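**Q**
Residue numbers (UniProt numbering): 1 to 315.
#1: Give every residue of the same chain whose Cβ lies closer than 8 Å to the Cβ of residue 55, excluding the five residues on either side of it in the sequence, and list them in chain order.
#2: For residue 2, which residues of its own chain have a beta-carbon under 8 Å away from its beta-carbon, when the five flanking residues on both sides are left out?
#3: Please state the DSSP three-state secondary structure of residue 63.
#4: Could you tell me whether the stretch 165-179 touches the stretch 189-207, using the rule of 3 or more Cβ pairs below 8 Å?
#5: Measure the alpha-carbon distance for residue 120 versus residue 25 and round it to whole angstroms.
#6: Is the CB-CB distance between residue 9 and residue 159 below 8 Å?
#7: If you scan the stretch 103-184 from start to end, which runs of the beta strand (DSSP E) of 3 or more residues do you find wholly inside it?
#8: For residue 185, which residues in the same chain have their Cβ closer than 7 Å to its Cβ, ignoring the five residues on either side in sequence?
#9: Alpha carbon to alpha carbon, how far is residue 126 from residue 135? Give it in angstroms, no decimals.
#10: Please report the distance separating the alpha-carbon of residue 123 from that of residue 20.
#11: DSSP puts residue 280 in a beta bridge; with which residues?
#12: Which runs of the beta strand (DSSP E) spanning at least 3 residues fall entirely within the stretch 237-285, listed in chain order?
#13: Measure how close the beta-carbons of residue 27 and residue 47 come, nearest whole angstrom, since I'm counting them as under 8 Å.
#14: By a C-beta neighbour count over all protein chains shown, 10 Å radius and 16 as the cutoff for buried, is residue 237 buried or exposed?
#15: Are there three or more Cβ pairs, one per stretch, closer than 8 Å when the stretch 267-285 is compared with the stretch 246-255?
#16: What did DSSP end up calling residue 291 once you bin it into helix, strand or coil?
#17: Do residue 197 and residue 229 have their C-beta atoms within less than 8 Å of each other?
#18: Using the Cα positions of residue 214 and residue 118, report the straight-line distance between them to the nearest angstrom.
#19: CB-CB under 6 Å to residue 200, same chain, minus the five flanking residues each way: which ones, in chain order?
#20: Which residue's Cα is closest to the Cα of residue 63: 256, 42, 97, 38?
#21: Within its chain, find whatever has a CB closer than 7 Å to the CB of residue 225; leave out the 5 residues flanking it on each side and keep chain order.
#22: Is the CB-CB distance between residue 116 and residue 105 below 8 Å?
#23: Roughly how many angstroms lie between the CA atoms of residue 164 and residue 157, to the nearest whole one?
#24: Is residue 199 close to chain D, meaning its C-beta is less than 8 Å from at least one C-beta of that chain?
#25: Nearest to residue 42 by CA position, among 138, 100, 91, is which residue?
#26: Got a sec? Which residues, its chain only, sit under 6 Å from residue 276 by beta carbon, not counting five neighbours each side?
#27: Could you tell me the alpha carbon to alpha carbon distance between residue 202 and residue 12, rounded to whole angstroms?
#28: Sort 70, 155, 221, 38 by Cα distance to residue 261 and report the nearest one.
#29: Could you please give the first and the last residue of the uninterrupted alpha helix (DSSP H) stretch that includes residue 51?
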C-alpha cells in the first residue's frame, strides 16, 4: 500500500481491494518436513505467522477469538476473580495466543505506514450471553494496540484520511451492540460472503452470484476458500485444507485478476503464499484510482460496477 500511496490514497475503505487471510490466527509454522495428523490437516489455514502474513502483503485479517478462564493457583481462585485468556481459534480449537499476534501487529504498524483491517468476526468459546467477555476483549485490544486504533469514521473514509489521524488499525467487530458502546475505537461489522462449498466449480458459482450484487454499504469480504463437511473431515477424503486449496488458489488468483478485481473490497484466502492475490490487489487498486481520477469524485460503487469497459482502457 505504501509503495503505491500517491496513486491510491484517494480510495475509500469501501473501494480498496484488500488482500486478506481467512482465519489468520490459525497458523502453524514448520521449518522442517513433517507428517501432519488429522487435526493439523483441518485446523491450520495459514503457514505463516500473522507478522509474516502482513509482510507478505495481507491487509485484512479475519479473527475468530475464544475466551478462557485462567487460574494460576488455588489461592488465586479464592482471593481474586478468574483472569481471562484470549486465544485465536478455528471453531472450538485453540490455536495461537491472541497476545502473540497482537504483539506482531504492533511491531508491523510501528515499522511501516500501512493501514491494516482486523475483522473480529466470530466468538466460538466463552462469549455466549456474556457481555463482560466482549468488554474484556476490547480492553485487551486497547491495552496492546491502543496507540494504533483508528476512531470510527465510516467506511467511506479515504485511505489518506485514515492515515492523517495518525492511527492506522481498523478494528471491525461483529457485534453491533458492542460497536454502539465503543464507537471511539471499534468499527461496524464487515459483511463476510462465505459460500460453504467444497469444489472449485461451486466456489466460482458462489462468487459469481456474490459479485453480481455489489455490496453498497460498508465493507465486505469475499471468503474465497473451500469448506469440508463433517463427514469429509472424518474420512479425510479431501486430504486436508492444504490439499484442497492447492487445487483452488490458482483459480482464485485468476478470478480476481480478471474483472472481479474492479468491484471487490476484501478477499480472504487460505494459505495466502500460494496465491497471487496480493499482486492482483496492487494492480486493481492502481487501476481503480486511475479511473476515479479520470472521472472526478462524484462516483461510487454503482458507477464502478458498470465501468468495466472504461477500466479495460486503463489496465
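Backbone N, C-alpha and C define an ideal beta-carbon position, used for all residues, glycine too.
A quick note: this is a predicted structure, and the numbers were derived from the prediction, not measured.
**A** Let's see:
#1: Non-local beta-carbon contacts of residue 55 in its own chain, meaning distances under 8 Å to residues more than five positions away in sequence, involve 108 in chain order.
#2: 112, 113, 114
#3: strand
#4: yes
#5: 11 Å
#6: yes
#7: 116-125, 169-173
#8: So the list reads 142, 149, 151, 171, once near-sequence residues are dropped.
#9: 12 Å
#10: 19 Å
#11: According to DSSP, which records beta bridges pairwise, residue 280 is partnered with nothing at all.
#12: For the stretch 237-285, the full-length beta strand (DSSP E) segments reaching 3 residues or more read 266-269 along the chain.
#13: 6 Å
#14: exposed
#15: yes
#16: helix
#17: no
#18: 22 Å
#19: 248, 251
#20: Relative to residue 63, the option among 256, 42, 97, 38 whose CA is nearest is 97.
#21: 22, 245, 269, 270
#22: yes
#23: Inter-residue distance for residue 164 and residue 157 is about 11 Å (C-alpha atoms, whole angstroms).
#24: The structure shown contains no chain D; it holds only a single protein chain.
#25: 91
#26: 253
#27: For residue 202 and residue 12, the distance between alpha carbons rounds to 31 Å.
#28: Of the candidates 70, 155, 221, 38, the one whose C-alpha sits nearest the C-alpha of residue 261 is 221.
#29: In the DSSP assignment, residue 51 falls within the unbroken alpha helix (DSSP H) covering 50-56.
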